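Engineer: The structure follows.
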Amino acid sequence: MSLRPNPELLTTEIEWDLLKMLQSQEDKKSDVCLIRVICKNSNPDRNEQIGRSIHEIWDVVTCYLPGALGHRLNWASLLFMHSGEDNESFNESILKALRLVSTLELESQALFSVLDRSIVEREAEIARMGMQLAKLDYWKKHIYSCYYCNGEEVTLATESYS
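Following my numbering from start to finish, the sequence shown increments by one per residue and tops out at 794.
In structure tokens:
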């Protein structure tokens, strides 16, 4: 399988279709990483910077993890999935890529999880991950115990939501 069948859209699928990617792994437990890139300043070319950074992260991760599935969710976010026993290698390869492409102007934020349920539950977990990254500077309590900023672990305060 070619890792980049659609280089314009950054997806390992022929079409830009997250649902098809999730369905292709439905019967497998998959490690997943959601990455978001933000600009720390109000630079007028920040969208171009973010776009270049997303492409750099994509290129490095797909080089380190040739068997991983990937999908660009939006301008500033990527999702990578890997089915297999070696989730430590998956996580460390992505963190290594994020450390490699980090800059002073941009910040990469990443969350890791495991998808092993129905398509609906997989989509819900990805949405939870996206909400967590979007609310890092807002929420006082968090869903996940940590996230990674430029490849380095940051501990978050968690409390029960029940």
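Where a beta carbon is used, it is the ideal one built from N, C-alpha and C, also for glycine.
All values derive from a computational prediction rather than experimental measurement.
(1) Does the stretch 694-701 come close enough to the stretch 734-748 to have 3 or more Cβ pairs within less than 8 angstroms?
(2) Are the beta-carbon atoms of Leu710 and Ile689 separated by less than 9 angstroms?
(3) For Trp707, which residues from the same chain have a beta carbon less than 8 angstroms from its beta carbon, with the 5 sequence-adjacent residues on both sides left out?
(4) Who are the Cβ neighbours of Ala729 in its own chain at under 7 angstroms, not counting the five residues just before and after it?
(5) Report the option in Leu642, Glu737 and Met713 whose CA atom is closest to the CA atom of Ser620.
(6) Name, in chain order, the residues that DSSP records as bridge partners for Ala742.
(7) Helix, strand or coil: how does DSSP classify Val786 here?
(8) In whole angstroms, what separates the C-alpha of Ile758 from that of Tyr770?
Structural biologist: Judging by the given coordinates:
(1) no
(2) In the sequence shown, the residue the question calls residue 710 occupies position 78. In the sequence shown, the residue the question calls residue 689 occupies position 57. Yes, they are a contact pair.
(3) Position 75 of the sequence shown holds residue 707. So the list reads Asn679, Ile682, Gly683 and Ile686, once near-sequence residues are dropped.
(4) Against the sequence shown, residue 729 aligns to sequence position 97. Cβ within range, chain order: Ile689, Val692, Val693 and Tyr696.
(5) Given that the chain is displayed from residue 633 to residue 794, the structure contains no residue 620 and the question cannot be resolved.
(6) Within the sequence shown, the letter at position 110 stands for residue 742. BP columns for Ala742 point to Ile667 and Tyr780.
(7) Translated into positions along the sequence shown, residue 786 becomes position 154. Correct three-state label for Val786: strand.
(8) Taking the first residue of the sequence shown as position 1, residue 758 is located at position 126. Taking the first residue of the sequence shown as position 1, residue 770 is located at position 138. Ile758 and Tyr770: Cα-Cα distance of roughly 19 angstroms.
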